[in-house]
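Line order of the protein sequences matches chains A and B.
If you use the numbering used here, the first sequence corresponds to residues 7 to 500, in order.
If you use the numbering used here, the second sequence corresponds to residues 3 to 493, in order.
Built from N, CA and C at the ideal position, the CB exists for glycine as well.
What follows is a short report on a single structure.
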Amino acid sequence: MMRATDLTIAEGLSALDKREISAVELTEAFLAGIERLNPRLNAYITVAGESALASARASDARRAKGEAGPLEGIPLGIKDLFATEGLRTTAASRILGEFVPPYESTVSAQLKRDGAVFLGKLNLDEFAMGSSNLTSAFGGVENPWSRANDPEKRLVPGGSSGGSAAAVAARLAMGATATDTGGSIRQPAAFCGIAGIKPTYGRCSRWGIVAFASSLDQAGPVARSVEDCAILLRSMAGHDPKDSTSANLPVPDFAAACGRSVKGLRIGVPAEYTLPGLAPEIEALWQQGLDWLKQQGAEIVPISLPHTKYALPTYYVVAPAEASSNLARYDGVRYGLRVTERDSDLRDLYERTRAAGFGAEVRRRIMIGTYVLSAGYYDAYYLKAQKVRALIARDFTQAWEKVDAIVTPATPSAAFPMDEKQDDPVTMYLNDVFTVTANLAGLPGLAVPAGLDGQGLPLGLQVIGRPFDEETVFAVGAALERAANFTAKPQVMA
Amino acid sequence: MSYTIQGETGEWEVVCGLEIHAQVLSKSKLFSGAATAFGADPNSQVSFVDAGFPGMLPVINEECIAQAVRTGLGLNAKINLWSRFDRKNYFYADLPQGYQISQYAHPIVGEGVVEITLGDGSVKRIGITRLHLEQDAGKSQHDQHPAKSFIDLNRSGVALMEIVSEPDIRSPEEAGAYLAKIRQITRYLGTCDGNMDEGSMRADVNVSVRRPGEEFRTRCEVKNVNSVRFVMQAVEAEARRQIEIWESGGTVEQETRLFDTARGVTRSMRSKEDAHDYRYFPDPDLPPLVFTQDWVDQLKATLPELPDARRARYIALGLSPYDAHVLTIERETATYFEAVLGPEGGTRRDAKTVANWLTGDVFGHLNKRGLAIEESPVGPAALAELLDLMADKTINGKIAKDVLEIMFEEGKGAAAIVDERGLRQVVDTGAIEAAVDAVLANNAGQVAQYRGGKAGLFGFFVGQTMKAMGGKGNPALVNEVLKAKLGEPGG
Chain A
7 MMRATDLTIA
17 EGLSALDKRE
27 ISAVELTEAF
37 LAGIERLNPR
47 LNAYITVAGE
57 SALASARASD
67 ARRAKGEAGP
77 LEGIPLGIKD
87 LFATEGLRTT
97 AASRILGEFV
107 PPYESTVSAQ
117 LKRDGAVFLG
127 KLNLDEFAMG
137 SSNLTSAFGG
147 VENPWSRAND
157 PEKRLVPGGS
167 SGGSAAAVAA
177 RLAMGATATD
187 TGGSIRQPAA
197 FCGIAGIKPT
207 YGRCSRWGIV
217 AFASSLDQAG
227 PVARSVEDCA
237 ILLRSMAGHD
247 PKDSTSANLP
257 VPDFAAACGR
267 SVKGLRIGVP
277 AEYTLPGLAP
287 EIEALWQQGL
297 DWLKQQGAEI
307 VPISLPHTKY
317 ALPTYYVVAP
327 AEASSNLARY
337 DGVRYGLRVT
347 ERDSDLRDLY
357 ERTRAAGFGA
367 EVRRRIMIGT
377 YVLSAGYYDA
387 YYLKAQKVRA
397 LIARDFTQAW
407 EKVDAIVTPA
417 TPSAAFPMDE
427 KQDDPVTMYL
437 NDVFTVTANL
447 AGLPGLAVPA
457 GLDGQGLPLG
467 LQVIGRPFDE
477 ETVFAVGAAL
487 ERAANFTAKP
497 QVMA
Chain B
3 MSYTIQGETG
13 EWEVVCGLEI
23 HAQVLSKSKL
33 FSGAATAFGA
43 DPNSQVSFVD
53 AGFPGMLPVI
63 NEECIAQAVR
73 TGLGLNAKIN
83 LWSRFDRKNY
93 FYADLPQGYQ
103 ISQYAHPIVG
113 EGVVEITLGD
123 GSVKRIGITR
133 LHLEQDAGKS
143 QHDQHPAKSF
153 IDLNRSGVAL
163 MEIVSEPDIR
173 SPEEAGAYLA
183 KIRQITRYLG
193 TCDGNMDEGS
203 MRADVNVSVR
213 RPGEEFRTRC
223 EVKNVNSVRF
233 VMQAVEAEAR
243 RQIEIWESGG
253 TVEQETRLFD
263 TARGVTRSMR
273 SKEDAHDYRY
283 FPDPDLPPLV
293 FTQDWVDQLK
303 ATLPELPDAR
313 RARYIALGLS
323 PYDAHVLTIE
333 RETATYFEAV
343 LGPEGGTRRD
353 AKTVANWLTG
363 DVFGHLNKRG
373 LAIEESPVGP
383 AALAELLDLM
393 ADKTINGKIA
403 KDVLEIMFEE
413 GKGAAAIVDE
423 RGLRQVVDTG
433 AIEAAVDAVL
443 ANNAGQVAQY
453 RGGKAGLFGF
463 FVGQTMKAMG
473 GKGNPALVNE
483 VLKAKLGEPG
493 G
């Protein structure tokens, strides 16, 4: 039998079902890997070994009684942006201090309901703001992949769900929860050679997830196969009356959709995604992906999404604006960090607490967001951005008249070094250039590992679909995955 | 006659508009399931949403929306089928989210109008600009500890309606009448309890002054005034302050002020320069609030009768405008009145008699005991029983007053008291004749004077006869018998 930590979720469920392995054994195998590799990779902020084993024992008992849930005994990591009852939740920020939520996020509660075992809380960019995981107050995460010609150079796993992607790639979890506001699931999944889907806005409840930008945030899974993502998403998704933006729609059998043929599907290729200076190997991979789909019977259709070039600037107005308001609650008054001096008044308490509690990138975005909402600037920035956002969404609506899905590169580059000079935040923001449009338009977007660059680093393709048509996205993603037959493994692995 | 203030340099007109904050009567808060009862232990009615915990999200409470729509209908206002919640961002220790969810750009209720009745009987229309829903903040307590401030979040997230008037108000009296009218309407509708001393209703008063016929001048806002009387005082005090500034050659600066109730003056709270930049933007956690005209129509169909309609109906029943006004000020009084009156098509008592007894004797007894009408030990059914005994001549009016007093003191029914104490009116003409004969025999001198032309003595004989009968004589019969036996005065 293959090593337990190499099993996909689908394989794990089958092995558990056939009693080839127990949830406790599976959990122990992952905990051992975490113990060995987490000191290096720093993917987990909090490892919950004891409670994971207790959950695993309870899971085995349920399975023995014939009460196995759809994810019974599957060890997962939880991005540390999801509130977990009784387990410290940090958002990778100092400002939450030792905050232990007295409640469980809807998404993680549904995973628990279905039998999943939580190994611990995964590292991320502070408040999910970043594309490198370097803004975490708990230190950066190392990508388990490295360059063939420079194996000592430590690379970023991407972000903000860098811990989730690195842990899954390094076999420190079978799958993980993640969130995506501008690309935070798809970019790290691509950097780490795994799959990840940001579902349609409203598909998963945001209740209990620390908010970054409410109109863009969406939870989704990362896992080592498209099918695993589909299995996890089915448990994570569903209407939640506690989230007014959650969609009241039935949750389809996403895994079944992975087996659908792409024959006859019309695949859109947006002209505007061919950026000047795009690396030739990424362009080649994109073409390769389209060829694979064509070979499986899909029709390739050139389309235009004319407002694409405004997506990043629009995102960097809307997201910070919402963040500046969402993060106002971290004020040192009720929970989390509080920094005062003997004679501090309220204003001084706010200033000291927030100065000490927020890192540079979070402070920058709060300032940008405060600025664009200010009297006299609101119309020029926020209102204008909302109008452009509507145009970007309209581009897609028009595209759906011609195509069933859109395929693009997931990222403009492969993973970059952790120590690369980051003196220009805008360069970092460019990481999201292919992913951010799906957030602005609220569409599902899936990243699939599709090949390696010249240095042996993974590259991903992205599939974008119609609102609430994750099934087609999964079908196209699985078709790409089959064709790519991506079997390369990272250098660091449990 | 329009109201003006005589300054040293001439007459000034007062221009005023009110923003009334009315707490929505509902079991739970605007965006969370937490309870809203007044007077609970600090921080005992707080959900994680109200305390601004990470990842918590607001969900609109439909009952609060219905209450706002009912109020809008009561204000004869346009109901907006599409409205939206915005965030008003500012930092304060009792504002857990760091923003208040409010309706800035698109309120649920648009323009409307209410009529106020003034002391001289004249009626004036005051325009309503809008009504919007918003969350209340918590309460900071700075006087509980020498070095600490305490925060009570029970009010955090409670639904408020902000009702904004046009600057149509021209005197302290109108300001007071307008606030009283809004309070009356919301209490009738059951959308706000109007308890101003518990903070369920409070007003921000915008005041400016101008020479008659002039354009508007700069206004100041007097925040958080919490009674009709204080509103009237605040308008006058603020108007006089501004007149003094203009007349001494100064300029009124736009600012926010507070009314010092002890000294009867307003004082500065913050100037325009210190005003917050609230950075309003649509709350991304809440989709726009959309409902159908059908739903509004259903609410409209179930609205209780409003005070203006009820007053008109009472006047049509034959009541004076004054009585109709007094009976409709409080919904509870009108409810009591109608219960005594009896149902249309059923046993209907005389409206004027019911009104007289209610506003006279019953109010008198209640005032003496410091009770509200809904706390009256003599309920509508008991009063009706008493009035019926009078109507069927079982007792006369004077005895009825005595019986009512006993009813208030002992809580017994009118018929029981009348039977127990033998207060039944005497209608037996034989008994009355005997009593009259005795009175005339004992007062031969007065009889002679009466017959000699002193007609005013008739009342004396009535009084003596009633006294002899223990007050129980039927007044009409007593009069009749006396007239027959005495003959015409001077005859």
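- Taking 9 Å as the cut-off between beta carbons, none of the residues of the region 233-250 of chain B comes near chain A.
- The C-beta distance from A/P473 to A/L449 rounds to 6 Å, short enough to meet the 8 Å contact threshold.
- Residue-level contact check: B/A139 does not touch chain A, since none of the beta carbons of chain A fall below 7 Å from its beta carbon.
- Of all alpha-carbon atoms in B/K150, B/A478, B/S142, the one lying nearest the alpha-carbon of B/S158 is that of B/S142.
- Non-local beta-carbon contacts of A/E104 in its own chain, meaning distances under 7 Å to residues more than five positions away in sequence, involve R94 in chain order.
- Taken in chain order, the members of the region 371-392 of chain A whose beta-carbon sits within less than 8 Å of a beta-carbon on chain B are T376, L379, S380, A381, Y384, Y388.
- For A/A29, the uninterrupted alpha helix (DSSP H) run begins and ends at 29-47, by DSSP.
- By the neighbour-count criterion, in which a residue is buried when 16 or more other Cβ atoms sit within 10 angstroms of its Cβ, A/N437 is buried.
- Between the region 294-308 of chain A and the region 369-387 of chain A, the count of C-beta pairs closer than 8 Å stays below three; the two stretches do not touch.
- In the assembly as shown, B/N208 is a buried residue. Its beta-carbon has 16 or more other beta-carbons within 10 Å.
- In the DSSP annotation of this structure, the continuous segment of the beta strand (DSSP E) that includes B/Q102 starts and ends at 101-104.
- In this structure, the straight-line span from the alpha carbon of A/T187 to that of B/D154 is close to 35 Å.
- In this structure B/S202 is buried. Its beta-carbon is surrounded by 16 or more other beta-carbon atoms within 10 angstroms.
- Taking A/V479 as reference, the option from A/Y109, A/G202, A/L47, A/S61 with the minimal CA-CA separation is A/G202.
- In the structure shown, B/K474 falls within a coil segment according to DSSP collapsed to helix, strand and coil.
- According to DSSP, A/A411 shares a beta bridge with A/I273, A/G471.
- Inside the region 142-223 of chain A, DSSP marks whole alpha helix (DSSP H) runs of 4 or more residues at positions 168-175, 192-197, from first to last along the chain.
- Our two residues, A/A179 and A/A366, have alpha carbons roughly 30 Å apart in a direct line.
- When the alpha-carbon of A/L32 is set against those of A/P45, A/M8, A/Y50, the nearest one is in A/M8.
- Contacts between B/Q143 and chain A, judged by CB atoms closer than 9 Å, are missing: the closest CB pair is about 13 Å apart.
- For B/D206, the three-state secondary structure derived from DSSP is strand.
- Positions of the alpha helix (DSSP H) runs, each at least 4 residues long and wholly inside the region 173-242 of chain B, are given as 174-191 in order along the chain.
- Taking one beta carbon from each stretch, the region 444-462 of chain B and the region 411-419 of chain B have fewer than 3 pairs nearer than 8 Å; the two do not touch.
- Collapsing the DSSP output to three states places A/P431 in a helix.
- Residue pairing for A/L446: DSSP places it in no beta bridge.
- Below 8 Å, too few C-beta pairs join the region 344-351 of chain A and the region 386-398 of chain A to call them touching: fewer than three.
- At a cut-off of 7 Å between C-beta atoms, B/Y101 counts as an interface residue with respect to chain A.
- For the pair of segments examined, the region 288-299 of chain B was found not to touch the region 247-262 of chain B: the number of CB pairs separated by less than 8 Å stays below three.
- Partner residues in the beta bridge of B/F261, as assigned by DSSP, are B/T268.
- Listed in chain order, the beta strand (DSSP E) runs fully inside the region 36-119 of chain A are 50-53, 81-85, counting runs of at least 3 residues.
- Taking a cut-off of 8 Å on C-beta distances, the region 246-258 of chain A touches the region 54-61 of chain B, as three or more cross pairs fall below it.
- The criterion of a C-beta distance shorter than 7 Å is not satisfied by A/D234 and A/G274.
- A Cβ of chain A is located within less than 7 Å of the beta carbon of B/F93.
- Under DSSP, B/H134 shares a beta bridge with B/E164.
- For A/G126, the enclosing beta strand (DSSP E) begins and ends at 123-128.
- In its chain, beyond the 5 residues on either side, Y92 have a beta carbon closer than 7 Å to the beta carbon of B/H278.
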